[in-house]
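Chemist: Before I ask anything, let me first share the structure, which is written out below as structure tokens.
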Amino acid sequence: DTFNHSIRRMFLSTGVVETFVGVSGTPGFVDSPTPRFNQPMGMTRIGDFLYVADRGNGAVRQIQISTRTVATLNGFFNGPQDITTDGAVLYVADTGNHAIRSIDPSTGDLATVVGILGQAVPLAEADVEPSATARLRTPGGVLYHNGFLYISDTGNYIIRKAKHSTGEVSILAGDKNCIIDTTTGDGTPGSGTTTCTGQPTGTSNYIDSTDQTGKTASFGSPSGLAADDNNLYVMDSANSSLRQVNPVTGE
Numbered sequence: 005d006t007f008n009h010s011i012r013r014m015f016l017s018t019g020v021v022e023t024f025v026g027v028s029g030t031p032g033f034v035d036s037p038t039p040r041f042n043q044p045m046g047m048t049r050i051g052d053f054l055y056v057a058d059r060g061n062g063a064v065r066q067i068q069i070s071t072r073t074v075a076t077l078n079g080f081f082n083g084p085q086d087i088t089t090d091g092a093v094l095y096v097a098d099t100g101n102h103a104i105r106s107i108d109p110s111t112g113d114l115a116t117v118v119g120i121l122g123q124a125v126p127l128a129e130a131d132v133e134p135s136a137t138a139r140l141r142t143p144g145g146v147l148y149h150n151g152f153l154y155i156s157d158t159g160n161y162i163i164r165k166a167k168h169s170t171g172e173v174s175i176l177a178g179d180k181n182c183i184i185d186t187t188t189g190d191g192t193p194g195s196g197t198t199t200c201t202g203q204p205t206g207t208s209n210y211i212d213s214t215d216q217t218g219k220t221a222s223f224g225s226p227s228g229l230a231a232d233d234n235n236l237y238v239m240d241s242a243n244s245s246l247r248q249v250n251p252v253t254g255e
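Here you go:
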């Protein structure tokens with residue numbers, strides 16, 4: 005519950021909601037026995053533990069579900085907005101540092117797995133590149149699914165796909181070239197109609213919601229991600245919509 009600075013629990017059978025940890029409406033950076041959060045965002049689970057991207061505190065917090073005990077796993081992030089896991093390692097969208105970081109839940113050790121810490125530009129010309137040289141811009145969502153990390157590259161208006169075993173990063177949907185094209189009107193990106201690489205002339209806009217495949221699709225500040233057996237689901241924030249993406253074809 006981001007702006008109430010707390011983690012809430014809902015009982016599915018009754019719909020009853022309660023504050024699980026934190027104090028509703030009271031931000032802070034305190035571990036148990038009186039835990040406080042500051043704009044908690046994404047969350048994931050491994051066993052008896054929940055892991056929370058505590059955005060306002062620049063930290064990943066650990067909650068033991070059975071005891072409601074809160075501890076800080078690592079506090080060296082810059083506005084983290086999302087977190088996921090492959091069951092053994094945590095992956096964090098370190099939004100303000102323009103990178104995806106891994107964190108060992110047993111030690112708190114950090115490593116950068118996609119992106120260059122603190123560097124959002126320049127974007128590479130290639131659509132497929134090594135994870136160590138890929139540039140992200142304020143990534144707001146990350147999801148591990150079937151051997152891949154899927155990344156909402158929010159500031160670049162695209163969805164990225166990183167192969168877990170090799171680190172190869174590709175663009176699944178959206179076109180990074182849209183963000184550097186000039187538009188009609190006053191020349192400000194997003195203020196008029198533009199032509200983006202791979203899209204029909206005059207039909208694509210800087211942050212519109214074009215439904216197509218790969219480069220011919222458009223997003224407006226994509227953020228949270230989820231998946232089922234066949235599809236990804238993307239919160240397309242600036243377009244106030246939920247988008248469905250095929251994780252193989254990018255459609």
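So the number in this note's numbering is just where the residue sits in the sequence shown, counting from 1, plus 4. In this text, a Cβ means the ideal position worked out from N, Cα and C, and glycines have one as well.
Which word fits N78, buried or exposed, when buried means at least 16 other C-beta atoms lie within 10 angstroms of its C-beta?
Modeler: Your numbering for residue 78 matches position 74 in the sequence shown. Per the 10 Å Cβ criterion, buried.
Chemist: Between P44 and I11, which are expected to be in contact by the criterion C-beta below 8 Å, what is the C-beta distance as a whole number of angstroms?
Modeler: Along the sequence shown, read from residue 1 onward, the residue named residue 44 stands at position 40. Along the sequence shown, read from residue 1 onward, the residue named residue 11 stands at position 7. About 6 Å separates the two Cβ atoms, so the contact holds.
Chemist: Cα separation between G71 and L229?
Modeler: Along the sequence shown, one-based indexing puts residue 71 at 67. Along the sequence shown, one-based indexing puts residue 229 at 225. Before going further, note that residue 71 is Thr rather than Gly in the sequence given. C-alpha separation (whole angstroms): 29 Å.
Chemist: Looking only at C-alpha atoms, which of I120, D131, H102, T76 sits nearest to D113?
Modeler: By 1-based counting over the sequence shown, the position of residue 113 is 109. The shortest C-alpha separation from D113 is found at T76.
Chemist: Can you check whether the CB of A97 is closer than 9 Å to the CB of I50?
Modeler: By one-based count along the sequence shown, residue 50 stands at place 46. By one-based count along the sequence shown, residue 97 stands at place 93. Their beta carbons are not under 9 Å apart, which means I50 does not touch A97 by this criterion.
Chemist: Is the CB-CB distance between I107 and V118 below 9 Å?
Modeler: Here the question's residue 107 lines up with position 103 in the sequence shown. Here the question's residue 118 lines up with position 114 in the sequence shown. Taking 9 Å as the Cβ cut-off, I107 and V118 do not qualify as a contacting pair.
Chemist: My guess is that V249 and A177 are in contact by the Cβ rule of under 8 Å, so how many angstroms apart are they, rounded?
Modeler: Locating residue 249 in the sequence shown gives position 245, where the first residue counts as 1. Locating residue 177 in the sequence shown gives position 173, where the first residue counts as 1. Between A177 and V249 the Cβ distance is about 5 Å, and since that is below 8 Å, they are a contact.
Chemist: With DSSP run on the structure shown, which of helix, strand or coil describes G275?
Modeler: Any answer about residue 275 is impossible in this case: the structure gives the chain only from 5 up to 255.
Chemist: CA-CA distance, V125 and R141?
Modeler: If you number the sequence shown from 1, residue 125 lands on position 121. If you number the sequence shown from 1, residue 141 lands on position 137. Taking the straight line joining both Cα atoms gives about 8 Å.
Chemist: Which residues in the same chain as P251 place their Cβ atom closer than 6 Å to its Cβ, once the five residues preceding and following it in sequence are excluded?
Modeler: Working through the sequence shown from its first residue, we reach residue 251 at position 247. Once the five neighbours on either side are set aside, the close Cβ partners of P251 are L236.
Chemist: Would you check if the distance between the CB atom of P84 and the CB atom of V64 is smaller than 9 Å?
Modeler: Taking the sequence shown and counting its residues from 1, the one referred to as residue 84 is at position 80. Taking the sequence shown and counting its residues from 1, the one referred to as residue 64 is at position 60. Result yes, Cβ atoms of P84 and V64 sit closer than 9 Å.
Chemist: I'd like the list of long-range same chain contacts for N101, defined as Cβ closer than 6 Å, with 5 residues on each side in sequence excluded.
Modeler: Translated into the one-based positions of the sequence shown, residue 101 becomes position 97. Answer for N101: N82, L121, G122, listed in chain order.
Chemist: Taking only three categories from DSSP, how would you classify N78?
Modeler: Taking the first residue of the sequence shown as 1, we reach residue 78 at position 74. Three-state DSSP puts N78 in a strand.
Chemist: Between the alpha carbons of I175 and I162, how many angstroms are there, rounded?
Modeler: Here residue 175 corresponds to residue number 171 of the sequence shown, with the count starting at 1. Here residue 162 corresponds to residue number 158 of the sequence shown, with the count starting at 1. Looking at the two C-alpha atoms, the distance is approximately 7 Å.
Chemist: Please classify N160 as buried or exposed, where buried requires at least 16 neighbouring CB atoms within 10 angstroms.
Modeler: Counting from one through the sequence shown, the residue named residue 160 turns up at place 156. N160 is buried by the Cβ-count criterion.
Chemist: So V74 packs on V25, CB below 8 Å; how close in whole Å?
Modeler: As a working note, residue 74 is residue 70 in the sequence shown. As a working note, residue 25 is residue 21 in the sequence shown. Contact flag correct, Cβ pair sits at about 6 Å.
Chemist: Between the beta-carbon of G144 and the beta-carbon of S225, is there less than 9 Å?
Modeler: Within the sequence shown, numbered from 1, the residue matching residue 144 stands at position 140. Within the sequence shown, numbered from 1, the residue matching residue 225 stands at position 221. Yes, the Cβ-Cβ distance between G144 and S225 is below 9 Å.
Chemist: On a Cα-Cα basis, can you pick out the residue from V132, R139, F41 that is closest to F7?
Modeler: Along the sequence shown, one-based indexing puts residue 7 at 3. Among V132, R139, F41, the Cα nearest to that of F7 is on F41.
Chemist: From T48, I69, A128, F80, pick the residue whose C-alpha is nearest to that of V93; which is it?
Modeler: In the sequence shown, counting from the first residue as 1, residue 93 sits at position 89. When only C-alpha atoms are compared, the closest one is T48.
Chemist: Have a look at V34 and Y55 and give me their C-alpha separation to the nearest angstrom.
Modeler: Position 30 of the sequence shown holds residue 34. Position 51 of the sequence shown holds residue 55. Spanning the two alpha carbons is a distance of roughly 15 Å.
Chemist: Who does F53 pair with in a DSSP beta bridge?
Modeler: In the sequence shown, the residue the question calls residue 53 occupies position 49. In DSSP, F53 forms a bridge with I50, Q68.
Chemist: Is the beta carbon of H149 closer than 9 Å to that of A242?
Modeler: Counting from 1 along the sequence shown, the entry for residue 242 is found at position 238. Counting from 1 along the sequence shown, the entry for residue 149 is found at position 145. No, Cβ-Cβ distance for A242 and H149 is not below 9 Å.
Chemist: Is S227 buried or exposed, if buried means 16 or more other CB atoms sit within 10 Å of its CB?
Modeler: Within the sequence shown, residue 227 is the residue found at index 223, counting from 1. Per the 10 Å Cβ criterion, buried.
Chemist: Could you give the C-beta distance for P31 and G60, rounded to a whole number, given that I count them as a contact under 8 Å?
Modeler: Residue mapping note: residue 31 aligns to position 27 of the sequence shown, counting from 1. Residue mapping note: residue 60 aligns to position 56 of the sequence shown, counting from 1. Contact holds; Cβ gap of about 6 Å.
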